[in-house]
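Colleague: Numbering (the numbering used here), first residue to last: 1153 to 2204.
The beta-carbon is built from N, C-alpha and C at its ideal position, and this holds for glycine as well.
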Amino acid sequence: MGVPAFLRRTAVFRRSVRRRRRRGKRSGRIVRLRACCPSSWADVSRACTPGSGLFAPWRLFSRPKPCLIPVVGGNLEADSPVRAARFRVCWRKSDSSNLVEVPRVTRSAAESSPETADPPSTPRRFGLINARSVMNKTFILKDFFDAQQLDFLGIVESWIPPAQTGVLLELLPENCLCFNVPRSVGRGGGLLCVFKSYFNLRHLTPPLLFNSFEFCLFDSGSFLGILLYRPPKFNATFLTDFSELLYTFMPKYEHVLILGDFNIHVCCPDKPLVKDFFNVLDSFNLVQWVSDPTHAHGHTLDLALSFGFPLTSVETVETVFSDHSAVLFNFVLPLMTVPKPAPVRWVRGLDEGKAAEFSALFSLEWPTLYSAPITTDSFLSQFDLLCSKILDEIAPLTIRKPRHTSERWISEEIRALRRDCRKAERKFKKDRLQISQDLLRDKLYMYNEAVMKARRQFYSNIISSASGDQRILFNTLGSLLDSGGSGNSMEGSVENCEKFCVFFMDKVAGIRSSLTQCSTYSPPTPSTPVAKLESFSLVSLIELERVVSRLKPAGSSHDVLPAWFFKKIFSVLGPAVLTILNTSLESTHVPKSFKQAVVRPLLKKQGLDTALFSNYRPISHLPFCAKVLENIVYKQLITFLNAHEVLEPLQSGFRSGHSTETALLKIFNDVLIATDAGNLVVLLLLDLSAAFDTVDHEILIGRLEQWAGLSGEALQWMRSYLTDRSFCVKMGSHSSKCYPLKWGVPQGSVLGPLLFSIYLLPLGVLFRKHKVEFHLYADDCQIYVPICKGPDRSIKAIIDCLAEVKLWMSENFLGLNENKTEVIVFSPSGGKDHNIDLLSLAPFEQSVVTSLGVKLDAALKLDLQINAVTRSCFFQMRRLARIKSFISKKNLEIVTHAFVLSRLYYCSSLYAGLPKASVARLQLVQNAAARFICGAKKFDHITPILASLNWLPVQYLIFIKILVFTFKSLAGTAPPYLSSLVLKYSPTKSLRSADQCTLLVPRTKRKFRGDRAFSVLAPKLWNQLPPAIREITLLECFKKELFLHYSLLALA
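The following block contains the structure:
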């Protein structure tokens, strides 16, 4: 058996006193016996025979009994193989008859146990009840908790005095914990949360208290829970206190659940506080889920509010121990998504050194490329081949495998400090000296400080580099805040790319085939003769350098040179690029590679079904050189169109000095003036389906020739630009084949929006023919007409106009989406009963419509718009709270301006003249943002905080925006439709006021109608300014003096 004889002479037996073995001695008999004996069952059995003198536990000689098999996950069959145990000889001897068999449990049953399951991934049963004292209902409530199989029960009006907590021992079910918040002053009230012990909840001590309600706070990671009770007695400060509670705590959490007895009759909209309460909920994007009565009198008083997740199986259960019904529901917190590993990519290692090498090699090869005169396509092909050859030489393609990427602020210096910490830790574990412990503590402190400093510097560099452009700052920092969110899209594959191509082409083809043309329709014609643009001028190298320097480094994946690398070495590439572009303009031919677009599908909104192609928006990318060429043509074309006033004056899309706010300000002014005169206004919003993609090229060429005045070489170049275009869909490293683009203006291009505006030029003539007011912003069309007072009120004009618009759009292959057509009627009183027959437009009437991102209601109070703004602002503050702790106050103010205040100030000129209560809700957002930046407390006065940030109250900022538009209107830099609304005051007699630069103020009848119009409010505010400010001629100086003027008013 291989066991030495001298080991056989001594039997292994249990000693009465076990001798302590000295350290370092490894030559004991048991150790040597264990080394010599084999590990198989048969060999052990033969080695430990009665005659051998060896003894070992009997459990080594027989097959393990079922009681020794793991109780979870084992195989129930008797003949299942069992892993052999390692042979071990010990002093002790066990008797298998003393072991008790344990019934085995299947893995599915174990995983379904509440104590072992993951609470966030399993639906949990929550409950809410107004107990009206638990002092004599402890066992009743305990039985209710068990009978309803609850995991959490919120109890309001517990009536537990602060000193009598012994009642909780009777109330708590098995394996449950609780949070008890008794009323500190007076009788009654009190809150109690009972929950299962596996919930990792933490009770929060609130930094602020309110007199209008009681509340209990608890959280778990990104989840915040609030249990609340509001006494039924009216309190005027409840909504203000409740709003302050929400904006104090909600920005820190992604998921919020609010339970409680609010004592607000949400089932009765006419009751006090109900409307304002729902406005507060809408502002914070909270959803109320209880719809059934919860009180014995038939009212809904107990509510369940949530943010970030839905509640399911909501029901109310009648109870006999309270006059309130219990509210029960299920909910699941969404799990964190695990980002997918990045796929393998082919990349080039381009950097500053490679740019110098490329420039040197290109300078040597350039003369041979430029020697022979060739066509544009051939020249561009040789240029790309030369660039590709040089790149293969200095930076060949290499495979970059996916790897775990640490935080982007971790540098080699920090990694070295981390290695020093590991080294110091090993040394301390080895010698256990005090000096080693002190050294380890110092190393850890240095490492922690270095990481915090690097992270702070990382975000500071991002914010500082993009502080001049809020769009860049928003995109850059937003990608960091939404890390992992972009992975929620369809998996990239060649098959999916091909399916996207077919879907996009079938969608456009389906829209065009559904439109029918009328052969008898005569389209509008241009009213005046148009000047001619016969050719595009060639550009110089200096002008080309200026164009390239102003373009964003964004190109296509088909580019041989990345856009940023192209711009860096443009001083060397300039002559070659200039030759390519001028050759294209001179030969009226656009290279084919400039007309190949790469489309990347982008999910329209997070949370949509990623398997539906209709939920994706095609984002088109064109080569960088193509954008340079289009930019050169665009500048010449827009200069010609503006000089001859070809473009539609009421088209605000993609035009300098025009914006959505100027367009809405014009529409808002016309509606307010009409309703101030006692008239109704019917506003019709038209939506076009894929308007940019269905444009017919031949019709567009006709527009360019007949309406825009292009002819000769310029028209021929445009024809070449529109024909033979193609696209492919790319998802990650996978790409589809190239498919032809037969229709549409190129999306992602510089010329596309301008060509679409020219395509819609006949619409203006059509609207003026029917004498209706209108405004266009790209493909968004707003038609409105005042309806005069009298019994013969009719909307025949707008009906006839809409009929011809539909006919014209069908002739021009533009699909009108009637499902998204909206109609709203504005009345002088703001009521819904307008007593006007809308005829065929009646099915499309809405009480609230969204025009250019602003929600307009029939009463023009903009309550829903303010709700949406406040909701969006608080959501952004919650996002910024993630990085607040490691960026400076200065940088925090910059990102707050970009993410929060930019939304607050969007179209803020429309809020002028609103009631103070509406503006106060906007002021609440600004106050919250100021406290968010400064870290101020709730009871700190807001005026010094705003002054320290150099911020003005919202009301004054609205006035400043109105006055800036007024200044631009007088200076001629505002859109013409705004300039026509502001008239200088010219007295009929010679008066001293004639030289004070005042404006004419029209007369109005209604404070919340005519007084809010831009044509009325702007002159009033302008005339109130000091004469020194009104005489300023520079816009920047005017803004500075205007800010100082209102700062003094705010401090006063």
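#1: Provide the residue span of the alpha helix (DSSP H) that contains S2070, from first to last.
#2: Tell me the rounded alpha-carbon separation between V1319 and L2201.
#3: Quick one: give me the first and last residue of the alpha helix (DSSP H) that Q1748 is part of.
#4: To which residues does DSSP link V1408 through a beta bridge?
#5: Using the DSSP secondary-structure output, state which residues sit across from A1478 in a beta bridge.
#6: Give me the Cα-Cα distance between A1602 and N2043, rounded to the nearest whole angstrom.
#7: Quick one: residues in its chain with C-beta nearer than 8 angstroms to the C-beta of F2117, no 5 flanking neighbours on either side, listed in chain order?
#8: Among residues of its own chain, excluding the 5 on either side of E1925, which ones have a beta-carbon nearer than 7 angstroms to its beta-carbon?
#9: Out of G1373, F1386, P1313 and F1401, which one is the CA nearest neighbour of K2090?
#10: Can you tell which of I1614, A1706 and K1427 has the C-alpha that lies nearest to the C-alpha of I2046?
#11: Within the same chain, show all residues whose beta-carbon is closer than 7 angstroms to that of Q1788, passing over the 5 residues directly before and after it, in chain order.
#12: Give me, in chain order, the residues of the same chain whose beta-carbon lies closer than 7 angstroms to that of N2019; leave out the 5 immediate sequence neighbours on both sides.
#13: Quick one: Cα of F1461 to Cα of R2073, how far?
#14: Quick one: measure Cβ to Cβ for V1881 and S1888, integer angstroms, because I've assumed they're closer than 8 angstroms.
#15: Report the option in L2104, L2115, R2161 and T2022 whose CA atom is closest to the CA atom of P2067.
#16: What does DSSP give as the partner residues of K2136 in its beta bridges?
#17: Out of C1330, P1519, V1308 and T2185, which has the shortest C-alpha to C-alpha gap to L1356?
#18: Start and end of the alpha helix (DSSP H) containing Q2017?
#19: Can you tell me which residues form a DSSP beta bridge with K1289?
#20: Going by C-alpha distance, which of L2133, W1311 and H1449 is nearest G1338?
#21: Taking the beta strand (DSSP E) that I1307 belongs to, which residues open and close that run?
#22: How many Å lie between L1737 and T1528 at the Cα?
#23: Please report how far the alpha carbon of S2024 lies from the alpha carbon of Q1609, in whole angstroms.
#24: At which residue ranges does the segment 1686 to 1760 contain complete alpha helix (DSSP H) runs of 4 or more residues, listed in the order of the chain?
#25: Tell me which same chain residues have a C-beta within less than 8 angstroms of the C-beta of T1201, skipping the five on either side of it?
#26: So V1654 packs on T1846, CB below 8 angstroms; how close in whole Å?
#27: Restricting to Cα atoms, I'd like to know which of C1328, C1345 and T1274 is closest to A1283.
#28: Taking just the CA atoms, how far does W1498 sit from H1773?
#29: Run through DSSP, which three-state label would S1395 get?
#30: Would you list the one or two residues that DSSP bridges to P1938?
#31: Which value, in whole angstroms, describes the spacing of the CA atoms of A1512 and L1725?
#32: Is it the case that the segment 2008 to 2019 contacts the segment 1963 to 1982, given that we only count it when at least three CB pairs across the two stretches are under 8 angstroms?
#33: Would you kindly work out how many angstroms separate the C-alpha atoms of T1464 and N1482, rounded to a whole number?
#34: When the Cα atoms are used, what is the spatial distance from T1452 to D2092?
#35: How would you call Q1899, buried or exposed, if buried means at least 16 neighbouring beta carbons within 10 angstroms?
#36: Over the uninterrupted beta strand (DSSP E) stretch that includes F1331, give me the two end residues.
Modeller: In terms of the structure at hand:
#1: K2068 to C2086
#2: 59 angstroms
#3: No alpha helix (DSSP H) holds Q1748; the beta strand (DSSP E) holding it covers Q1748 to L1755.
#4: L1376 and F1459
#5: V1469
#6: 20 angstroms
#7: T1814, L1817, S2061, A2126, L2130, F2166 and A2170
#8: D1822, Y1936 and V1937
#9: F1401
#10: I1614
#11: F1688 and S1689
#12: N1431, D1434 and S1435
#13: 26 angstroms
#14: 5 angstroms
#15: R2161
#16: L2151
#17: C1330
#18: D2015 to L2032
#19: Paired residues: none, contrary to the question.
#20: W1311
#21: F1304 to V1308
#22: 10 angstroms
#23: 28 angstroms
#24: 1693 to 1702, 1715 to 1720 and 1722 to 1739
#25: The predicted model places T1201 with a pLDDT of 49, which falls under 50 and marks its position as unreliable, so this point remains unresolved.
#26: With 8 angstroms as the limit, V1654 and T1846 do not qualify as a contact, their Cβ atoms being about 17 angstroms apart.
#27: C1345
#28: 20 angstroms
#29: helix
#30: V1833
#31: 11 angstroms
#32: yes
#33: 5 angstroms
#34: 36 angstroms
#35: buried
#36: C1328 to V1333
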